[in-house]
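Numbering (my numbering), first residue to last: 4 to 258.
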């Protein structure tokens, strides 16, 4: 299913941008449901309906841009506050914070993919973003398995090593140096420069989700992808790198 989803994203990004936005919106709904269920394992009960309304931020960003995204995000957070306040004061602060966290982590970050595709070469920008983030994960895993000896954060992710992190940086930078000139017509050094911080943030995203799961006492965020956990277990790196890629591509390879 993961390969099918990846192929669907690539095809829609290149040829049907509105359909790509629709796919991302559905992914945000599923991811928000998984996160809500996961937080409930830690006795945090975010109000589900306003949390799911956060998925509307994706088409909002695509149609009206970054200013509308900021306003929409504020309104969704306000709706979480009001909705939960009407249910009573017991554990309200934790529930409200949990709801805002989900909307920020899933819906807001995913909305930057909609901002990325809303440009003349938006499909190619999405491919670069997904490629560099994915290569960071692959390079980190491969180098870590082969040469990893020094753990980065043994209490959070025992298998993640500093050698693997170096592999992430190198493979993401190499992928950027190749793909940015080919797909976006930019300089090779701009692609390499893009790949390094993306690999860093991809690693941070992976460690952050591992921290969250350990705190909640769960192994996976869900079971949608057999053998791989939930959808959020596959999106941790992609979510955290989306806003950074949107910002840096706008600077390094402006349209």
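Backbone N, C-alpha and C fix where the C-beta goes; we use that ideal spot for every residue, glycine too.
Assuming residue i is part of the beta strand (DSSP E), what are its boundary residues?
i           : result
residue 160 : 160 to 164
residue 156 : 154 to 156
Considering just the uninterrupted stretch of the alpha helix (DSSP H) at residue i, what are its terminal residues?
i           : result
residue 145 : 125 to 150
residue 200 : 191 to 219
residue 88  : 69 to 88
residue 243 : 234 to 255
residue 183 : Here residue 183 belongs to no alpha helix (DSSP H), and DSSP marks it neither H nor E.
residue 21  : 20 to 43
Cutting at 8 Å between CB atoms, please list the residues of its own chain near residue i, excluding the five before and the five after it.
i          : result
residue 18 : 126
Below 7 Å CB to CB, which residues in the same chain sit around residue i once its five sequence neighbours on both sides are set aside?
i           : result
residue 16  : 23, 120, 126, 129, 130
residue 204 : 243, 244, 247
Which term fits residue i, buried or exposed, when burial requires 16 or more other beta carbons within 10 angstroms of its beta carbon?
i           : result
residue 176 : buried
residue 157 : exposed
Measuring from the CB of residue i, is there a heavy atom of the ligand MN at a distance below 6 Å?
i          : result
residue 50 : This structure lacks the ligand MN; in fact it carries no ligand of any kind.
Beta carbon of residue i, beta carbon of residue j: below 7 Å?
i           : j           : result
residue 149 : residue 64  : no
residue 167 : residue 189 : no
residue 87  : residue 47  : no
residue 113 : residue 221 : no
residue 61  : residue 31  : yes
residue 11  : residue 35  : no
residue 142 : residue 170 : yes
residue 100 : residue 57  : no
By Cβ distance below 6 Å, which residues in the same chain neighbour residue i in space, the five residues on each side in sequence not counted?
i           : result
residue 209 : 239, 240
residue 163 : 155
Which of helix, strand or coil does DSSP assign to residue i?
i          : result
residue 92 : coil
residue 13 : helix
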